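Undergrad: Before I ask anything, let me first share the structure, which is written out below as structure tokens.
Numbering (this note's numbering), first residue to last: 3 to 291.
This is the structure:
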């Protein structure tokens, strides 16, 4: 059982990671709530920031991220609504996994039970990169409380093999230098702070992630999604296959809108938030009713 649970390699590794995590936590706004929600898969740590009167927005971070990843965008994201940012169970962060997440249906159940524990009846989802897997799983398996979704760089098709190999190789020996180089390859034009690189390095070196590798949904699964979905793709992305992803989205997602951004890559949100966020926020406003 333990081999299928997300876990730190030892107590010293957990302490090193928590030190890097806490160093970034000061960026989160004062007065926000810190919550722990019990699910069938473990306790989920969630940050809540109160905002406008629109439906709440759930923020689902990428593979090496945490709830802290959203700090630079909170002013814009909370203008119309409150936000809820979990540390995804099975990845490094302050959540604690106690049972394995083996399928996409499990992934959806985790998020649905988290929302239930938070007392949320209806929300929007915003997933970024690997966070789109949790959003898509929920749209497919547990859509009842979801109003709409924004998917930034989702895996709607398999990534190019060369890119996948490079991604896995870079993380196999997660030195600070390697992680910094991988970040610059994935998000050209974005300079991560030393604290962000430290946290990503600590995550790769100290934590054993236990989540199913995201598999692109089938055409039938996508066709069953009857909610408004905005897909945002970087034209220069090394992972999302923007041409193929747009084709799949337009052919199989009934309520989809697609936006592609010239000159931006996988890290489009960090590269040009002034271009990407307004489209996402407008989609959420149109889907509030």
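Every residue gets a Cβ at the ideal spot worked out from N, C-alpha and C, and that includes glycine.
In this text the structure is predicted, and so the values were computed from the model without any measurement.
What's the C-alpha gap between residue 197 and residue 72?
TA: Between residue 197 and residue 72, the C-alpha separation is close to 14 Å.
Undergrad: How long is the line joining the alpha carbons of residue 246 and residue 222, rounded to whole angstroms?
TA: Taking the straight line joining both Cα atoms gives about 17 Å.
Undergrad: Alpha carbon to alpha carbon, how far is residue 158 from residue 96?
TA: Looking at the two C-alpha atoms, the distance is approximately 29 Å.
Undergrad: Please state whether the Cβ-Cβ distance between residue 101 and residue 137 is less than 8 Å.
TA: Result no, Cβ atoms of residue 101 and residue 137 do not sit closer than 8 Å.
Undergrad: Select from 32, 139 and 44 the residue whose C-alpha is nearest the C-alpha of residue 220.
TA: Nearest C-alpha to residue 220: 139.
Undergrad: Less than 8 Å between the C-beta atoms of residue 213 and residue 23, yes or no?
TA: Contact flag unset, no.
Undergrad: With DSSP as the reference, please indicate the residues paired to residue 210 in a beta bridge.
TA: According to DSSP, residue 210 bridges with 9.
Undergrad: Please classify residue 100: does DSSP put it in a helix, a strand, or coil?
TA: Three-state result, residue 100: coil.
Undergrad: Could you pull the start and end residues of the alpha helix (DSSP H) that residue 273 belongs to?
TA: 270 to 273 is the extent of the alpha helix (DSSP H) around residue 273.
Undergrad: Please name the residue in 83, 78 and 75 whose C-alpha comes closest to that of residue 57.
TA: The option with the nearest alpha carbon to residue 57 is 83.
Undergrad: Work out the CA separation of residue 276 and residue 3 for me, nearest whole Å.
TA: Residue placement at residue 3 is poorly supported in this model, since its pLDDT is 40, which falls under 50; the coordinates still yield a value, given next. Straight-line Cα distance between these residues: approximately 45 Å.
Undergrad: So residue 67 is in the beta strand (DSSP E); what residue range does that whole segment cover?
TA: Segment: none, residue 67 is in no beta strand (DSSP E) and carries neither H nor E.
Undergrad: Hey, how far is the Cα of residue 154 from the Cα of residue 290?
TA: When rounded, the distance between both Cα atoms is 19 Å.
Undergrad: State the CB to CB distance for the pair residue 256 and residue 228, rounded to an integer number of angstroms; the pair is presumed to be in contact (CB under 8 Å).
TA: 6 Å between Cβ atoms; contact.
Undergrad: Could you tell me which of 272, 108 and 34 sits nearest to residue 85, measuring between CA atoms?
TA: Ranking the options by Cα distance to residue 85, first place goes to 34.
Undergrad: Considering only residues of the same chain and omitting the five flanking positions on each side of residue 64, which have a CB-CB separation below 8 Å?
TA: The residues are 71, 130, 131, 132 and 133.
Undergrad: Could you tell me the distance, in whole angstroms, from the CA atom of residue 204 to the CA atom of residue 92?
TA: Approximately 15 Å, taken between the alpha carbons.
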